[in-house]
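*Asks:* Okay, handing you the structure first.
Protein chains: 2
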Amino acid sequence: MAVYTDVNENELAAFLSDYNIGSLTSYKGIAEGVENTNYMLHTTKGLFILTLYEKRVNVDELPYFLELKRHLAMKGLLCPQPVAQKNGDMIGELAGRPAAIVTFLEGMWIRSPDVSHCEELGTAMAKMHLASVDFPMSRANDLSVQSWRPLWNLSKDRADNFSAGLVDEVEGDLALFEANWPTDLPRGVIHADLFPDNVFFLNNKLSGFIDFYFACNDILAYDIAICLNAWCFEKDGLFNMTKGAALLRGYEKIRPLSAAEREALPILAHGAAMRFMLTRLYDWLTVPDGSFVMKKDPTEYIRKMRFQRTIISPSEYGLDLAGL
Amino acid sequence: MAVYTDVNENELAAFLSDYNIGSLTSYKGIAEGVENTNYMLHTTKGLFILTLYEKRVNVDELPYFLELKRHLAMKGLLCPQPVAQKNGDMIGELAGRPAAIVTFLEGMWIRSPDVSHCEELGTAMAKMHLASVDFPMSRANDLSVQSWRPLWNLSKDRADNFSAGLVDEVEGDLALFEANWPTDLPRGVIHADLFPDNVFFLNNKLSGFIDFYFACNDILAYDIAICLNAWCFEKDGLFNMTKGAALLRGYEKIRPLSAAEREALPILAHGAAMRFMLTRLYDWLTVPDGSFVMKKDPTEYIRKMRFQRTIISPSEYGLDLAGL
Chain A
183 MAVYTDVNEN ELAAFLSDYN IGSLTSYKGI AEGVENTNYM LHTTKGLFIL TLYEKRVNVD
243 ELPYFLELKR HLAMKGLLCP QPVAQKNGDM IGELAGRPAA IVTFLEGMWI RSPDVSHCEE
303 LGTAMAKMHL ASVDFPMSRA NDLSVQSWRP LWNLSKDRAD NFSAGLVDEV EGDLALFEAN
363 WPTDLPRGVI HADLFPDNVF FLNNKLSGFI DFYFACNDIL AYDIAICLNA WCFEKDGLFN
423 MTKGAALLRG YEKIRPLSAA EREALPILAH GAAMRFMLTR LYDWLTVPDG SFVMKKDPTE
483 YIRKMRFQRT IISPSEYGLD LAGL
Chain B
183 MAVYTDVNEN ELAAFLSDYN IGSLTSYKGI AEGVENTNYM LHTTKGLFIL TLYEKRVNVD
243 ELPYFLELKR HLAMKGLLCP QPVAQKNGDM IGELAGRPAA IVTFLEGMWI RSPDVSHCEE
303 LGTAMAKMHL ASVDFPMSRA NDLSVQSWRP LWNLSKDRAD NFSAGLVDEV EGDLALFEAN
363 WPTDLPRGVI HADLFPDNVF FLNNKLSGFI DFYFACNDIL AYDIAICLNA WCFEKDGLFN
423 MTKGAALLRG YEKIRPLSAA EREALPILAH GAAMRFMLTR LYDWLTVPDG SFVMKKDPTE
483 YIRKMRFQRT IISPSEYGLD LAGL
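Chains A and B, in that order, give the protein sequences.
Sequential numbering from 183 applies to the first sequence in this note's numbering.
Sequential numbering from 183 applies to the second sequence in this note's numbering.
Right under this line is the structure:
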């Protein structure tokens with residue numbers, strides 16, 4: 183649930199006077215989203231989304247996220263577009279927080295994606311990877327392999343109580359990642375959080391991506407690895423190879439993977455499971471129950487991490503190796 | 183925060199196929215509201231609100247609320263309008279819950295109402311009271327004086343721990359209400375929950391009321407009494423007589439109060455403070471912290487109850503008694 187900051191009508195009116203988006207007729211807090219406060223604005227010019235950036239977001243990084251959305255849209259990719267103030271700024275201040283307005287992206291996120299959704303996701307992700315090749319800004323992934331051990335150390339003491347044996351498992355995995363994490367794969371801008379709730383569809387066609395606040399420069403295939411975990415497991419915890427195959431097929435229609443990228447998929451997917459397990463475990467053990475942060479049970483990603491640890495060949499994701 | 187029930191795109195599409203409201207382009211959970219789950223729907227025909235009625239709502243009472251909104255709108259009062267299904271029904275089922283769609287009411291609720299807002303509120307409330315004189319349905323107020331003692335008994339054991347002396351106070355007040363609650367004042371349909379977040383304004387004009395799910399047949403002046411508590415206290419806890427005067431003046435422009443109604447205002451406002459104190463206290467002491475129900479600290483209404491207990495004359499609310 184994501185209204186951490188209430189905005190009153192007077193401060194909102196003052197804020198909107200810096201924009202050319204018509205006159206406000208209503209605004210409502212949106213329940214979705216876990217990091218920031220989002221309002222849907224209805225004005226005489228249409229619908230917009232207002233985001234107030236809460237304390238987990240580093241203000242200095244906002245230009246990267248907003249310029250990236252603008253860059254992608256100029257290349258024809260669908261995502262919310264930052265709306266500039268009359269003076270050209272894309273970031274203002276509202277209720278003591280950095281705030282920005284973006285255009286409203288039509289579409290809905292799919293609660294139970296099917297095979298065709300996975301294929302479309304792969305295609306759109308590959309287009310995004312290609313479209314951002316010439317994006318001039320850069321941002322390190324602060325949730326990649328180098329951050330996992332410090333994050334883990336904050337949960338480690340309580341981890342075996344949460345899930346028996348977890349400490350030995352994670353220690354083993356971290357040593358593996360630190361020794362073997364790929365360093366020479368193609369890099370570029372990745373979304374890094376393409377969970378189903380950040381991908382909109384309209385009439386069963388992908389209508390765009392939202393929520394670029396984890397976007398960064400990293401290994402392109404790591405974005406695929408995150409999606410294999412987020413889109414291709416069934417509710418019973420089993421990996422659906424048909425969905426994995428569709429995701430990879432959709433991706434390779436636009437950007438075929440190199441042999442090195444294919445071979446790296448198992449370790450990347452294993453690491454991606456670790457990354458989401460670690461942030462969820464930390465929140466679960468650390469964030470007080472009374473807080474508004476939506477905590478997700480880390481168990482799902484402990485299971486995915488265990489699954490990924492067993493994978494030897496990318497063909498186990500459904501990747502067609504026939505052409506190699 | 184009010185998304186108790188997530189709705190997936192397939193069940194929503196099936197539900198909407200029973201309506202003539204165009205084709206869905208997006209839906210988002212709304213954070214406001216404490217009793218039910220609300221989604222904002224955007225379709226090719228505009229904006230709508232979808233409500234899923236959660237377990238606190240009695241399904242048998244839904245026709246009263248929905249028909250009342252239809253009745254008021256026919257009389258020219260602004261409120262969300264129920265949208266009927268193709269077969270004429272106003273209530274369907276979605277995600278295992280009764281569900282209804284209403285038109286989208288433009289406007290915003292005022293976080294810090296000023297004197298002019300209070301006057302407009304009074305006027306609109308009086309119009310609503312007159313417009314519902316010929317509303318044919320009836321619903322008892324299940325949160326009126328007869329329900330307060332049973333509700334109190336569920337919290338009484340823990341009440342002194344919450345606020346020292348509360349048990350003696352409430353027992354005294356309940357005896358007072360049970361002996362003296364007015365029985366011969368004009369009755370009709372009241373909203374019974376006209377807090378600022380249920381009253382929308384657009385360009386500083388009242389644009390309508392929402393959330394009729396406490397509406398019932400009761401003493402008309404009790405609706406005023408609820409608003410004296412909800413609109414006319416400042417954040418420091420002091421009653422603002424200028425706001426009280428404006429509310430009553432606005433009301434009497436449309437529907438002048440009888441001498442008996444005026445004299446009853448102190449006991450009605452005292453009782454109204456009791457009613458909201460009791461539900462908040464019950465939720466505070468009883469609803470588990472982990473639940474999604476938004477609990478409100480009862481302290482604010484304990485203070486209002488104490489204030490109202492001291493009131494002898496309606497002139498203390500700012501009521502102009504010169505004409506009497």
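Ideal Cβ positions, reconstructed from N, Cα and C, are used throughout, including at glycine.
Small disclaimer: the values here were computed from a predicted structure and weren't measured.
For E275 (chain B), write down the residues that DSSP places opposite it in a beta bridge.
*Replies:* Reading the second sequence from its first residue, position 93 is the one you call residue 275 (chain B). E275 (chain B) is bridged to B:P280.
*Asks:* With distances taken from CA atoms, which of B:E353, B:S298 and B:D400 is nearest M581 (chain B)?
*Replies:* Residue 581 (chain B) lies beyond the range of chain B shown here (183 to 506); nothing can be said about it.
*Asks:* What are the start and end residues of the alpha helix (DSSP H) that includes H452 (chain A)?
*Replies:* Taking the first residue of the first sequence as position 1, residue 452 (chain A) is located at position 270. Residues A441 to T468.
*Asks:* Mind checking which residues open and close the alpha helix (DSSP H) that includes N192 (chain B)?
*Replies:* Working through the second sequence from its first residue, we reach residue 192 (chain B) at position 10. Residues E191 to L198.
*Asks:* Could you name the residues of chain A that G211 (chain B) contacts, counting a contact when the two beta carbons are closer than 8 angstroms?
*Replies:* On the second sequence, position 29 is the one that residue 211 (chain B) refers to. Correct list: I212, A213 and E214.
*Asks:* Between which two residues does the alpha helix (DSSP H) holding G354 (chain B) run?
*Replies:* If you number the second sequence from 1, residue 354 (chain B) lands on position 172. Unbroken alpha helix (DSSP H) run through G354 (chain B): L348 to N362.
*Asks:* Tell me, which residues are paired with H224 (chain B) by DSSP?
*Replies:* As a first step, residue 224 (chain B) is located in the second sequence; it is residue number 42 there, counting from the start. Bridge partners of H224 (chain B): B:S208 and B:L229.
*Asks:* Quick one: which residues of the segment 288-306 of chain A get their C-beta closer than 9 angstroms to a C-beta of chain B? List them in chain order.
*Replies:* Residues passing the 9 angstroms Cβ filter: E288, G289, M290, W291, I292, R293 and S294.
*Asks:* What residues are listed by DSSP as bridge partners for C398 (chain B)?
*Replies:* Within the second sequence, numbered from 1, the residue matching residue 398 (chain B) stands at position 216. C398 (chain B) pairs with B:I372.
*Asks:* So, V241 (chain B) versus Q263 (chain B), is the Cβ gap smaller than 8 angstroms?
*Replies:* Looking up residue 241 (chain B) in the second sequence gives position 59. Looking up residue 263 (chain B) in the second sequence gives position 81. Not in contact: V241 (chain B) and Q263 (chain B) (Cβ atoms no closer than 8 angstroms).
*Asks:* Would the segment 357-371 of chain A and the segment 268-286 of chain A be scored as touching if the rule is three or more Cβ pairs under 8 angstroms?
*Replies:* No contact exists between the segment 357-371 of chain A and the segment 268-286 of chain A.
*Asks:* Any Cβ of chain B within less than 8 angstroms of the Cβ of T233 (chain A)?
*Replies:* The sequence position of residue 233 (chain A) within the first sequence is 51, counting from 1. It does not; no Cβ of chain B falls within 8 angstroms.
*Asks:* Run the CB neighbour count on G438 (chain A), radius 10 Å, all protein chains shown included, and call it buried at 16 or more, exposed below.
*Replies:* For the purposes of this step, residue 438 (chain A) is identified with residue 256 of the first sequence, where counting begins at 1. Correcting the residue type first, residue 438 (chain A) is Pro in the shown sequence and not Gly. P438 (chain A) is exposed by the Cβ-count criterion.
*Asks:* Where does K338 (chain A) fall in DSSP's three states?
*Replies:* The residue you call residue 338 (chain A) lines up with position 156 of the first sequence. The answer is helix: DSSP assigns K338 (chain A) an H, G or I state.
*Asks:* I'd like the list of long-range same chain contacts for F415 (chain A), defined as Cβ closer than 6 angstroms, with 5 residues on each side in sequence excluded.
*Replies:* In the first sequence, residue 415 (chain A) corresponds to position 233, counting from 1. For F415 (chain A), where only same-chain residues beyond five positions count, the Cβ hits under 6 angstroms are F421.
*Asks:* Quick one: Cα of I484 (chain B) to Cα of K478 (chain B), how far?
*Replies:* Locating residue 484 (chain B) in the second sequence gives position 302, where the first residue counts as 1. Locating residue 478 (chain B) in the second sequence gives position 296, where the first residue counts as 1. Cα to Cα, the separation comes out at about 12 angstroms.
*Asks:* Report back the beta-carbon spacing between W330 (chain B) and F359 (chain B) to the nearest angstrom; my notes put them in contact at under 8 angstroms.
*Replies:* As a working note, residue 330 (chain B) is residue 148 in the second sequence. As a working note, residue 359 (chain B) is residue 177 in the second sequence. Contact flag correct, Cβ pair sits at about 7 angstroms.
*Asks:* Is it buried or exposed for N343 (chain A), if we count other Cβ within 10 angstroms and need 16 for buried?
*Replies:* As a first step, residue 343 (chain A) must be located in the first sequence, where it is residue number 161. Label assigned to N343 (chain A): exposed.
*Asks:* Within a Cβ cutoff of 6 angstroms, which residues of the same chain sit near P496 (chain B), ignoring the five residues on either side of it in sequence?
*Replies:* For this step, residue 496 (chain B) is matched to residue 314 along the second sequence. Once the five neighbours on either side are set aside, the close Cβ partners of P496 (chain B) are R444 and L447.
*Asks:* Would you say N190 (chain B) lies against chain A (beta-carbon separation less than 8 angstroms)?
*Replies:* Residue mapping note: residue 190 (chain B) aligns to position 8 of the second sequence, counting from 1. With 8 angstroms as the cut-off, N190 (chain B) counts as an interface residue toward chain A.
*Asks:* Evaluate the contact criterion for the segment 298-317 of chain B versus the segment 244-259 of chain B: three or more CB pairs, one atom per stretch, below 8 angstroms.
*Replies:* Because the criterion of three Cβ pairs below 8 angstroms is met, the segment 298-317 of chain B and the segment 244-259 of chain B touch.
*Asks:* Assign N202 (chain A) to one of three DSSP states: helix, strand, or coil.
*Replies:* Locating residue 202 (chain A) in the first sequence gives position 20, where the first residue counts as 1. In the structure shown, N202 (chain A) sits in coil (DSSP, three-state: anything other than H, G, I, E or B).
*Asks:* Find the residues of chain B that neighbour S208 (chain A), judging by a C-beta separation of less than 7 angstroms, and give them in chain order.
*Replies:* Sequence index remark: in the first sequence, residue 208 (chain A) carries index 26 (1-based). E288, G289 and M290, listed in chain order.
*Asks:* Is A454 (chain B) closer than 8 angstroms to A407 (chain B) when the C-beta atoms are compared?
*Replies:* The sequence position of residue 407 (chain B) within the second sequence is 225, counting from 1. The sequence position of residue 454 (chain B) within the second sequence is 272, counting from 1. It is a contact, given that the beta carbons lie within the stated cut-off.
*Asks:* Let me see if you follow: with CB-CB separation under 8 angstroms, is L229 (chain B) close to chain A or not?
*Replies:* For the purposes of this step, residue 229 (chain B) is identified with residue 47 of the second sequence, where counting begins at 1. By this cut-off, L229 (chain B) is an interface position.
*Asks:* Starting from S298 (chain B), follow the alpha helix (DSSP H) in both directions and report where the run begins and ends.
*Replies:* On the second sequence, position 116 is the one that residue 298 (chain B) refers to. Note, S298 (chain B): alpha helix (DSSP H), V297 to A313.
*Asks:* Is there a Cβ of chain B sitting closer than 8 angstroms to that of L384 (chain A), yes or no?
*Replies:* Position 202 of the first sequence, counted from the start, is the residue given in the question as residue 384 (chain A). Closer than 8 angstroms to some Cβ of chain B, the Cβ of L384 (chain A) qualifies, so yes.
*Asks:* Just the Cα atoms here: how many angstroms apart are T225 (chain A) and G204 (chain A)?
*Replies:* Position 43 of the first sequence, counting from 1, holds the residue named residue 225 (chain A). Position 22 of the first sequence, counting from 1, holds the residue named residue 204 (chain A). Approximately 6 angstroms between the Cα atoms of the pair.
*Asks:* So, do the segment 453-469 of chain B and the segment 384-396 of chain B have three or more beta carbon pairs nearer to each other than 8 angstroms?
*Replies:* They do not touch, by the three-pair rule.
*Asks:* Express the C-alpha separation of V469 (chain A) and D339 (chain A) in angstroms, rounding to a whole number.
*Replies:* Taking the first sequence and counting its residues from 1, one reaches residue 339 (chain A) at position 157. Taking the first sequence and counting its residues from 1, one reaches residue 469 (chain A) at position 287. Distance between the alpha carbons of D339 (chain A) and V469 (chain A): 16 angstroms.
*Asks:* Could you check the C-alpha separation between R321 (chain B) and F382 (chain A) for me, to the nearest Å?
*Replies:* Residue mapping note: residue 321 (chain B) aligns to position 139 of the second sequence, counting from 1. Residue mapping note: residue 382 (chain A) aligns to position 200 of the first sequence, counting from 1. Cα to Cα, the separation comes out at about 43 angstroms.
*Asks:* Within 8 angstroms of any Cβ in chain A, is that where the Cβ of V185 (chain B) sits?
*Replies:* Here residue 185 (chain B) refers to the residue found at position 3 when the second sequence is read from its first residue. Answer yes: the Cβ-Cβ gap between V185 (chain B) and chain A drops below 8 angstroms somewhere.
*Asks:* Assuming the contact rule is C-beta atoms closer than 8 angstroms, S326 (chain B) and D400 (chain B) should be a hit. Round their C-beta distance to whole Å, please.
*Replies:* The count along the second sequence starts at 1 and reaches residue 326 (chain B) at position 144. The count along the second sequence starts at 1 and reaches residue 400 (chain B) at position 218. With 8 angstroms as the limit, S326 (chain B) and D400 (chain B) qualify as a contact, their Cβ atoms being about 6 angstroms apart.
*Asks:* Taking 8 angstroms as the threshold (beta carbon to beta carbon), is M222 (chain B) in contact with chain A?
*Replies:* For this step, residue 222 (chain B) is matched to residue 40 along the second sequence. Output row for M222 (chain B): interface = yes.
*Asks:* Measuring alpha carbon to alpha carbon, tell me which of B:L503, B:I273, B:E217 and B:E302 ends up nearest N385 (chain B).
*Replies:* Locating residue 385 (chain B) in the second sequence gives position 203, where the first residue counts as 1. Residue B:E302 is the option with its Cα nearest to N385 (chain B).
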